[in-house]
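If you read the protein sequences in the order shown, they are chains A and B. Counted from 1, the first sequence has number 209 at position 209 by full-length UniProt numbering; the numbering is strictly sequential. Counted from 1, the second sequence has number 196 at position 196 by full-length UniProt numbering; the numbering is strictly sequential. Here the structure comes first, spelled out in structure tokens, and everything after it is commentary.
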Amino acid sequence: MSTATATAAATATTGLRLTARGLALGHAGHPVLDGLDLDVAPGEVLTVVGASGCGKSTLLRALAGLLAPTAGELLADGEPLAGPHADRALVFQEDGLLPWRSVRRNVELPLAIRRVPRAERARPVAEWLALVGLDGHQDRLPRQLSGGQRQRVQLARALVGSPRAVLMDEPFGALDAQNRAAMQQLLLTVRERLRCTVVFVTHDVDEALLLGDRVAVLGGGKVAALHDVPRPREAAARTDPAVLRLREAVLAGLS
Amino acid sequence: MTAALRQAPAPAGAAGPGRRDRAAARRPAAWRRRTLRALSLLAFAGLWQLLTAAKVQFWVRFDHLPTAVQVWQAFGRQLATDQYWQDLADSLRRIGSGFLLAAVLGVAAGVATARSRWASDLLGPVLEVIRPVPAIALVPVAIMLFPDNEQGIVFITFAAAFFPVTVSTRHAVRAVPPLWEEAVRTMGGGRWRVLWSVVLPGALPGVVGGLSVGIGVSWICVISAEMVSGQFGVGYRTWQSYTVLDYPGVFVGMATIGLLGWLTSGAVELLGRRVTRWLPTRPGSAR
């Protein structure tokens, strides 16, 4: 764990600034996003909530470079986005792992793509697997893991290449309450050590408040509301009056 | 009882006594299944012997057919000749080259037509027009096209397996979940990386299905082509036996084709299972 900490700290990168200006996306005459403006500061954790179908995932895919905007622009550090890039890692809700690759081979994939020599891949992979609590599971196939373990592997795979931004699409949405709480805690721990930008989509307001520095509420194809979340960030903060008032406000914005 | 069954010539289980099979053999259930498989073959041979030895005639006539024992004896005689093995080697070589060519080009064509609109528009219509033509109907084409028979037969074998492989590959590639591709693209993977690391392995279960069908059709066509235009080969020899009224020889040929077909499709199955171990297993599935 201590070596993992050291490496994680050493590979900590500066976060990416992600900007959307007048972003529109969707089918002609049926826009999902329509004139959305958003600015995610470097190293910030922005959580995005919204009713189903409001375009949360669409926004995330656009930020990943998988979807091209029909109007408006998307910028990374002020430069227009040109397709997907290893700088912006994407974590899926489930089934994002390649089922024929072992845990180790899944996690090392971003390094392999970047042509990191085989010998140099083993250490970061082992360290990240230890950090997410999966050492000893290296040679298992994804189907031999539980849902929670698979999400841990996805997290390790997203972070092993030290991306400057991590885009997470309801990554804990399919987990049971216990696993979900453990994963949230893990993300916060990891977050302390990496300075990358995080955009985290969820439909769970409490999760959004726990993890986010700011919470964006999506509605009508735009950012309907943007809230700063009071710190410190602790589980106890859930009962803090300021957080409770914010929770009411976010929930009101959703309905 | 068990001792007798164990002695039974069990070509069924003998197809591939691998490490897995030996481990399985320790379980009584596996023994029961092997026994049943051997019994299935023995019962078939037994029924045949009964019908032919008794020269049964009721609309279909068994009096002209050689008995199972006669065929067995002819088989034994032929196994001792060089010619038998020469024919076997010829057929195997033809199927090997034709099928291998079909596997490589079929997968390539399937991937190309599934992944590229250009390839689909350019290749698709031609492939679809040729596909319904039975490979064996291409014999005249093969005779005109190739300077010698050998290449013609390989061509027929290739044409037979090519289409099942192509079509299965095309469907399998289209069925690969887009999520996997998106994952690799967001890691910075380009077109070729997606092809090697996502499309090909992801489509493998479907490709294996196509290969399984393809090897079967290949046998049908190599034997037919040998009968029509071959010199040497199991199909040629079988037809030769018929023309010289050596009926047991005809059946030896058919049994040989059956066994070779079973062995090769078993090998394809085994290989396919090996490379798709990552697939979710269904408890109690008949494997």
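Glycine included, each C-beta is placed from N, C-alpha and C at the ideal position. This one's a predicted model, so the numbers in the text were calculated from it and none came from an experiment.
Alpha carbon of residue i to alpha carbon of residue j, nearest angstrom
i, j, result
"G72 of chain A", "A24 of chain A", "6 Å"
"T169 of chain B", "R131 of chain B", "15 Å"
"W180 of chain B", "L97 of chain A", "7 Å"
"V40 of chain A", "V194 of chain B", "30 Å"
"V252 of chain B", "A45 of chain B", "13 Å"
"G272 of chain B", "L244 of chain A", "57 Å"
"G29 of chain A", "L63 of chain A", "22 Å"
"D139 of chain A", "W100 of chain A", "11 Å"
"C196 of chain A", "A165 of chain A", "5 Å"
"G212 of chain A", "L46 of chain A", "5 Å"
"A38 of chain B", "L50 of chain B", "18 Å"
"T52 of chain B", "T238 of chain B", "20 Å"
"V154 of chain B", "I220 of chain B", "13 Å"
"L122 of chain B", "G65 of chain A", "30 Å"
"T269 of chain B", "W278 of chain B", "Before going on, a small fix: residue 269 of chain B reads as Glu here, not Thr. Near 15 Å, if we compare the C-alpha coordinates of W278 of chain B and E269 of chain B."
"A12 of chain B", "G216 of chain B", "Caution is warranted here: a pLDDT of 41 is assigned to A12 of chain B, below 50, making its placement in the model unreliable, and no coordinate value can be reported."
"V133 of chain B", "L127 of chain B", "10 Å"
"T2 of chain B", "R77 of chain B", "Model confidence at T2 of chain B stands at a pLDDT of 39, short of 50, so the residue's coordinates are unreliable; what they give is reported in the following sentence. Taking the straight line joining both Cα atoms gives about 30 Å."
"G206 of chain B", "A89 of chain A", "30 Å"
"T264 of chain B", "Q240 of chain B", "24 Å"
Chain B within 8 Å of residue i, Cβ atoms only
i, result
"F200 of chain A", "no"
"F92 of chain A", "yes"
"L98 of chain A", "yes"
"residue 281 of chain A", "Within the shown structure, residues of chain A are numbered from 1 to 255, placing residue 281 of chain A beyond reach of any answer."
"G35 of chain A", "no"
"G161 of chain A", "yes"
"R143 of chain A", "yes"
"L175 of chain A", "no"
"P69 of chain A", "no"
"A156 of chain A", "no"
"A165 of chain A", "no"
"R114 of chain A", "yes"
"P171 of chain A", "no"
"D95 of chain A", "yes"
"R88 of chain A", "yes"
Helix, strand or coil at residue i according to DSSP, with G and I counted as helix
i, result
"F163 of chain B", "helix"
"F172 of chain A", "coil"
"P69 of chain A", "coil"
"L33 of chain A", "strand"
"V268 of chain B", "helix"
"L81 of chain A", "coil"
"G96 of chain A", "coil"
"H171 of chain B", "helix"
"K56 of chain A", "helix"
"T47 of chain A", "strand"
"R21 of chain A", "strand"
"V215 of chain A", "strand"
"A86 of chain A", "coil"
"Q231 of chain B", "coil"
"Q138 of chain A", "coil"
"Y35 of chain B", "For the record, residue 35 of chain B in the displayed sequence is Thr; it is not Tyr. If DSSP states are grouped into helix, strand and coil, T35 of chain B belongs with the helices."
"A224 of chain A", "strand"
"G26 of chain A", "strand"
"T197 of chain A", "strand"
"R61 of chain B", "strand"
"D121 of chain B", "helix"
Closer than 8 Å to chain A by CB, residue i
i, result
"T186 of chain B", "yes"
"E182 of chain B", "yes"
"P140 of chain B", "no"
"R170 of chain B", "no"
"V198 of chain B", "yes"
"L179 of chain B", "yes"
"G189 of chain B", "yes"
Beta-carbon proximity check, residue i vs residue j, cutoff 8 Å
i, j, result
"F172 of chain A", "A183 of chain B", "no"
"A114 of chain B", "R185 of chain B", "no"
"G210 of chain B", "P177 of chain B", "no"
"F99 of chain B", "G230 of chain B", "no"
"L16 of chain A", "D77 of chain A", "yes"
"G221 of chain A", "V32 of chain A", "yes"
"R114 of chain A", "G190 of chain B", "no"
"G22 of chain A", "G35 of chain A", "yes"
"V215 of chain A", "V199 of chain A", "no"
"V103 of chain A", "W128 of chain A", "no"
"I95 of chain B", "S224 of chain B", "no"
"T19 of chain A", "L75 of chain A", "yes"
Checklist entry - Is there contact here, the region 134 to 145 of chain B with the region 81 to 99 of chain B, by at least three beta-carbon pairs under 8 Å? => result No, because fewer than three Cβ pairs between the region 134 to 145 of chain B and the region 81 to 99 of chain B fall closer than 8 Å, the two stretches do not touch.
Next on the checklist: Can you confirm whether the region 174 to 184 of chain A touches the region 145 to 153 of chain A when touching is taken to mean that 3 or more C-beta pairs between the two stretches lie within less than 8 Å?
Outcome noted: Flag = yes, the region 145 to 153 of chain A and the region 174 to 184 of chain A touch.
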